[in-house]
Amino acid sequence: MTILRQPTRAGVRDAAEKIARILPPTPLFVCEIKGVPVAFKAESLQPIGAFKIRGAWHRLTALDEGTRKKGVVAFSSGNHAQGVAWAAKRLGIAATIVMPSDAPRLKRESTLALGAEVVTYDRATESREAIAAQLAEARGATLVPSFDDPWIIEGQGSTGIEAAAQMAAFGLGAPTRVIVPCGGGGLSAGIALALKESAITVVEPEGWDDMRRSLEASWIEPVGPNPPPTACDSLQTLRVSPLTFDVLSRRDATGVAVSESEIAAAQRWAAEKLRLVIEPGGAVGLAAVLAGKVTLEPGLLVILSGGNVDLADYAKAMAG
């Protein structure tokens with residue numbers, strides 16, 4: 005993919021202003037863990053249940069009228085799919101989404117309900133990127149990646165601008181460290197641009213922690229062969245983007261991996277303490293904090309990135 009430009013902090017601020025005109029801020033909750041106040045940004049309470057609505061809106065509103073008429077194509081296991089479908093519906097743009105056949109039923113049905121066309125593929129044997137690129141070329145549509153795009157990164161970064169303002173209003177001061185779930189790195193890179201004084205820690209499921217390993221190695225390390233199964237469908241990215249890796253590397257971001265049991269425990273904690281339903285991929289940052297893999301400190305901000313989870317799967321996590 006050819007990158008036309010680099011994401012910038014000015015672009016993040018522009019995205020934040022644009023998004024504030026159409027979406028209310030998501031709540032910021034504060035809860036003590038071992039006596040330390042920790043701030044939680046509930047992106048799970050977005051209209052589509054995840055932060056992806058931010059990047060999709062920033063990207064699609066940047067398209068001119070002629071381009072919009074040709075439609076957009078995206079690939080996603082569900083959250084980016086819904087973000088693009090939501091933004092496309094608001095703007096009158098035809099949207100086609102390439103989704104894995106094993107995507108959570110809730111995410112697929114929600115994407116269809118927003119008016120998008122869904123094309124499924126086999127996650128194990130087919131390339132979603134190739135299928136989406138072929139569809140976009142055949143239809144003359146614009147391809148909207150889930151993280152490998154400067155507008156997407158800037159839009160996701162508006163989460164950091166918004167959370168920092170809320171923390172200041174609550175007398176918590178500026179975020180000292182932000183704990184961010186990471187698949188391809190769009191959210192973490194955007195927040196790294198938005199909050200240049202805050203340390204960034206990305207969190208991934210064990211076996212899918214390619215960003216952590218890439219940051220430690222100082223070059224991109226893809227996910228290894230035969231990665232383990234994970235409940236975090238939204239974080240199953242086989243290789244991070246050079247664009248997001250570059251931003252995070254320049255910010256000296258660090259990475260942490262968490263286990264499936266730690267993720268489920270975090271989902272239960274969020275339900276009990278915050279009264280929030282969080283999907284597995286959205287709970288990995290909290291899991292790292294609860295498991296003691298992140299140092300508790302004043303100014304800690306945890307992003308709860310999504311809450312789209314099938315009830316049957318959620319019930320299993322709640323049962324322990």
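One point on numbering: in the numbering used here, the residue at position 238 of the sequence shown is 242, and numbering is uninterrupted. We treat Cβ as the ideally placed atom computed from N, Cα and C, and that holds for glycine.
CB contact flag (Phe264, Ala235, <8 Å):
What sits at residue 264 in the sequence shown is Glu, not Phe. Going by C-beta atoms, Glu264 is nearer than 8 Å to Ala235.
Quick one: Cα of Gly194 to Cα of Gly324, how far?
34 Å
Using 10 angstroms around the beta-carbon of Trp223, count the other beta-carbons present and answer buried if the total reaches 16, otherwise exposed.
exposed
Which class does Ala319 belong to by DSSP, given the choice of helix, strand or coil?
helix
Relative to the C-alpha of Thr205, which residue among Ser245, Ile37 and Thr258 is closest?
Thr258
Indicate, with yes or no, if the ligand PLP has a heavy atom lying under 7 Å from the CB of Asp317.
As far as ligands go, the structure on display features none, and thus does not contain the ligand PLP.
Can you tell me whether Glu158 is buried or exposed, with buried defined as 16 or more other CB within 10 angstroms of its CB?
buried
From Ala43, Met215 and Gly311, residue whose alpha carbon lies closest to that of Leu176:
Ala43
If I measure Cβ to Cβ from Pro31 and keep anything under 7 Å in the same chain, skipping five residues before and after, which residues do I get?
Ala46 and Leu49
Comparing C-alpha positions only, which one of Lys297, Ile156, Glu276 and Glu69 sits nearest to Met322?
Glu276
Whose C-beta lies closer than 6 Å to the C-beta of Thr241 among residues of the same chain, with five residues either side of it excluded?
Gly187 and Gly188
Going by C-alpha to C-alpha distance, which of Asp152, Asn83, Thr146 and Pro284 sits closest to Phe249?
Asp152
With distances taken from CA atoms, which of Gln10, Glu36 and Ile101 is nearest Pro154?
Gln10
Would you kindly work out how many angstroms separate the C-alpha atoms of Thr71 and Asp317, rounded to a whole number?
39 Å
Pull up the distance between the alpha-carbon of Ala173 and that of Val16, whole angstroms please.
20 Å
On the three-pair Cβ rule with 8 Å, is the region 161 to 172 touching the region 121 to 136?
no
Short Cβ contact (8 Å threshold) for Leu308 with Ala268
no
Taking C-alpha atoms, which residue in Ala19, Val34 and Ala20 lies nearest to Leu280?
Val34
Under the three-state reduction of DSSP, which class applies to Ala120: helix, strand or coil?
coil
Please state whether the Cβ-Cβ distance between Gly82 and Ser238 is less than 8 Å.
yes
Cβ neighbour criterion (16 or more within 10 Å) applied to Ala92:
buried
Let me confirm a value: Asp214 is counted as buried when at least 16 other C-beta atoms fall within 10 Å, else exposed. Which label applies?
buried
Rounded C-alpha distance that separates Leu300 from Pro41:
9 Å
Whose C-beta lies closer than 7 Å to the C-beta of Leu118 among residues of the same chain, with five residues either side of it excluded?
Gln86, Ala89, Trp90 and Lys93
Which one or two residues does DSSP pair with Thr100 in a beta bridge?
Val77 and Glu121
Can you tell me where the alpha helix (DSSP H) with Phe249 in it begins and where it stops?
Pro246 to Arg254
Are the Cβ atoms of Gly285 and Pro149 separated by less than 8 Å?
no
Separation of Asp314 from Arg127, as counted between CA atoms:
19 Å
Local Cβ density within 10 Å of Ala221, reported as buried at 16 or more and exposed below that:
exposed
Quick one: give me the first and last residue of the alpha helix (DSSP H) that Leu95 is part of.
Asn83 to Leu95
One question on the structure: do Ala178 and Gly303 come within less than 8 Å of each other, judged by their Cβ atoms?
yes
Please classify Lys22: does DSSP put it in a helix, a strand, or coil?
helix
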